[in-house]
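Numbering (the numbering used here), first residue to last: 81 to 202.
Here the structure comes first, spelled out in structure tokens, and everything after it is commentary.
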């Protein structure tokens, strides 16, 4: 009888843990942080695949070599954010990170690039 009760408790515990992990399936933006001062990462949510390609192409230019990581994806609305702890006000949405955390957020593309220009070490 004791073994049956113990088995049921273990089974219930395993079931409750599997539910918790499915709720947390989206990663934290902490995975985007850079390792060193003066290095930056970006995450952008834009309206179309075409905009994704344009943005990625621009971020790969030599003037943005201080941006080590760029994640860009298509999104229909703010709920499409891939990272659970980001709360965009709408789409498009642009985020900049350093080694400590989120340092800038905007919905304006030119403001985003202006901020990246200001971060440039040159």
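Backbone N, C-alpha and C define an ideal beta-carbon position, used for all residues, glycine too.
For residue 139, same chain residues with a beta-carbon under 7 Å away, outside a window of 5 residues either side, are 122, 147, 150 in chain order. The Cβ neighbour count for residue 142, taken over all protein chains shown within 10 Å, is under 16; the residue is labelled exposed. Counting only unbroken stretches of 3 or more residues, the beta strand (DSSP E) elements lying wholly within the stretch 154-193 are 173-177, 182-186, in sequence order. The three-state reading of DSSP puts residue 113 in coil, since its state is none of H, G, I, E or B.
Separation of residue 114 and residue 132 (C-alpha to C-alpha, rounded to the nearest whole angstrom) is 22 Å. Residue 162 and residue 112 have their C-alpha atoms some 12 Å from each other.
Out of 116, 107, 110, 120, the CA that lies nearest to the CA of residue 195 is found in 120.
Under the criterion of beta carbons closer than 8 Å, residue 155 and residue 126 qualify as touching, at roughly 7 Å. Here residue 174 has 124, 186, 192 as same chain residues with Cβ atoms under 6 Å from its own Cβ, once five neighbours each way along the sequence are excluded. Rounded to the nearest angstrom, the gap between the Cα atoms of residue 153 and residue 108 is 16 Å. Distance between residue 168 and residue 198, taken at the CA atoms: about 22 Å.
Around the beta carbon of residue 172, 16 or more other beta carbons lie within 10 angstroms, which makes this residue buried.
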